[in-house]
Amino acid sequence: MMVLQLGDCGLVPKVHGTEASSCRFCLLECFKSSWSSHKSVHLKAKLSSPDTQNSGSVSEGWLYCLKSGQARTPKLPYFDWTGSLRPYPISSKRVVPDQIDKPDWADDGIPKIEPSSGLQYTVEVKTPDQIQRMRETCHIAREVLDAAARIIQPGVMTDEIDRVVHEATIAAGGYPSPLNYNFFPKSCCTSVNEVICHGIPDARKLEDGDIVNVDVSVYYKGVHADLNETYFVGNIDEESCQLVKCTYECLEKAISIVKPGIRFREIGEVISRHASVSGFSVARSYCGHGIGELFHCAPNIPHYARNKAVGVMKAGQTFTIEPMINAGVWRDRMWPDGWTDVTADGKRSAQFEHTLLVTDTGVEVLTGRLQTSPSVFPWLNS
Ligand code: MF3
Ligand code: CO
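Each residue of the sequence shown is one higher than the last, beginning at 8 in our numbering.
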């Protein structure tokens, strides 16, 4: 059992109320009734309870995502939802200007170089030129994530976070790597509450007490950068605060052991030890990964203990560490959209991610916080 130290996070403790499940039912009912009679009009549903943020209007052209991002439906799909979160309709695909250099999945959704590359098996040691380009791209990705962090508050749709990420990325001359990667429909991942990772930005408005992870990846000058952080929305209950803080610490502790000669499998030992002393579990379905000219490549870096990761770190390698820590069980389920990975017990999950470079003496956090980064984590305020 975990021991709660009240106030340790510096946030106002607040107990979750029962979530407004009625408004979600309303939304579904609205879709059911209005779709058959108003197909041509489309959906402009104004619902009865004005006090509830997420019972409001859904605009024209927004549909639910299905089947790994390749299909859409006007009806909430049937699913044995594990918690109180539900998918909402998503907006249409955002446009990237022609002059921006794009990865090979941008047009048809299929990565072509990545899956068959030799770099899925051997870990590349980057050249000084590759490293310099990684630094630039990671700096852009950090500024994009910071721009997203600054707009987070109750009432903001996760689709609006996606719009900020998309626009900031292309304004910097980059391509948002997730967009159309294996048909992923949006430019970043937004993972709320029980979502472990790969949540799709949609019409749901953030609610007071939510936690939301924003995962940003940028392609610029031929290389990718990847980072994410979990943010607090309004006032947060103490356990959620401890979960997010513990996850932040798991990543910090993992980064602190990175240097030439360390086994990749040690990362999972460090993360698992810190999660379990805090009473939390480590999600197992997704791992850290090599990154560079490919979005995902060797090494594979599990975040859990007693993993079978091969190899030792060498100077010049670049990879991510991105622990997902769950308040309850480690097991997960996938939503019918083929992307959204949720906790099997519906309890909350948090994640932090950095892109790292192994140096001769240790590690350079390529996506590290900047002086301009917003102060959104109470434990970093001195
Ligand atoms: N950023 C995620 C990672 O950490 C990948 C997101 S790609 C998507 O690897 F297609 F799933 F969005
Ligand atoms: Co990643």
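Where is the CB? At the ideal position from N, CA and C, for every residue including glycine.
Looking at residue j and residue i, is the spacing between their C-beta atoms short of 8 Å?
i, j, result
"Y182", "I107", "yes"
"V103", "P161", "no"
"A290", "D339", "yes"
"T165", "V199", "yes"
"V221", "E236", "yes"
"G180", "C196", "no"
"I168", "A155", "yes"
"V370", "V277", "no"
"G229", "E300", "yes"
"T144", "Y227", "yes"
"A232", "T374", "yes"
"L83", "D344", "no"
"S285", "Q324", "no"
"I203", "S91", "no"
"K260", "H281", "yes"
"H310", "I274", "yes"
"L377", "I328", "no"
"L234", "V223", "yes"
"P400", "W69", "In the structure displayed, the chain extends from 8 to 389; residue 400 sits before or after that span and is not available."
"T80", "G353", "no"
"A334", "D367", "no"
"F191", "W346", "yes"
"A312", "F271", "no"
"F359", "P330", "yes"
Looking at the strands, I want to know which residues DSSP matches up with residue i.
i, result
"L364", "T325 and E371"
"H296", "N307"
"R340", "V349"
"E289", "Checking the sequence, you will find Val at residue 289 rather than Glu. Partner(s): I332."
"T237", "N220"
"Y182", "Y226"
"V319", "R270"
"I97", "L70"
Could you give the first and the last residue of the continuous alpha helix (DSSP H) run that contains residue i?
i, result
"H173", "T165 to A178"
"I262", "E245 to S263"
"E121", "I120 to S123"
Put residue i into one of helix, strand or coil per three-state DSSP.
i, result
"Q139", "helix"
"A357", "strand"
"T348", "Reading off the sequence, residue 348 comes out as Asp, not Thr. Reduced to three states, the DSSP call for D348 is strand."
"Y188", "helix"
"P385", "helix"
"R79", "strand"
"A210", "coil"
"V151", "helix"
"A232", "strand"
"A156", "helix"
"Q378", "coil"
"L92", "coil"
"L126", "helix"
"N61", "helix"
"T134", "coil"
Starting from residue i and walking both ways along the beta strand (DSSP E), at which residues does that stretch end?
i, result
"I203", "V202 to C204"
"G275", "Not the beta strand (DSSP E): G275 falls in the alpha helix (DSSP H), residues R272 to V284."
"C72", "Y71 to L73"
"C196", "C196 to V199"
Would you decide whether residue i is buried or exposed? Buried here means 16 or more other CB atoms lie within 10 Å of its CB.
i, result
"N61", "buried"
"L387", "exposed"
"I120", "exposed"
"G216", "buried"
"D348", "buried"
"I332", "buried"
"G297", "buried"
"S184", "buried"
"G268", "exposed"
"Y238", "buried"
"L34", "Confidence is the limiting factor: at L34 the pLDDT is only 29, short of 50, which leaves the residue's position unreliable, though a coordinate-based value still follows. It is buried - the Cβ of L34 has at least 16 other Cβ atoms within 10 Å."
"K46", "Here K46 scores only 33 on pLDDT, less than 50, and its place in the model is too uncertain to base an answer on."
"T176", "buried"
"D209", "buried"
"R211", "buried"
"N307", "buried"
"P122", "exposed"
"V172", "buried"
"V365", "buried"
State yes or no: is the beta carbon of residue i nearer than 8 Å to at least one beta carbon in chain B?
i, result
"G68", "The displayed structure is made up of one protein chain only, and chain B is not part of it."
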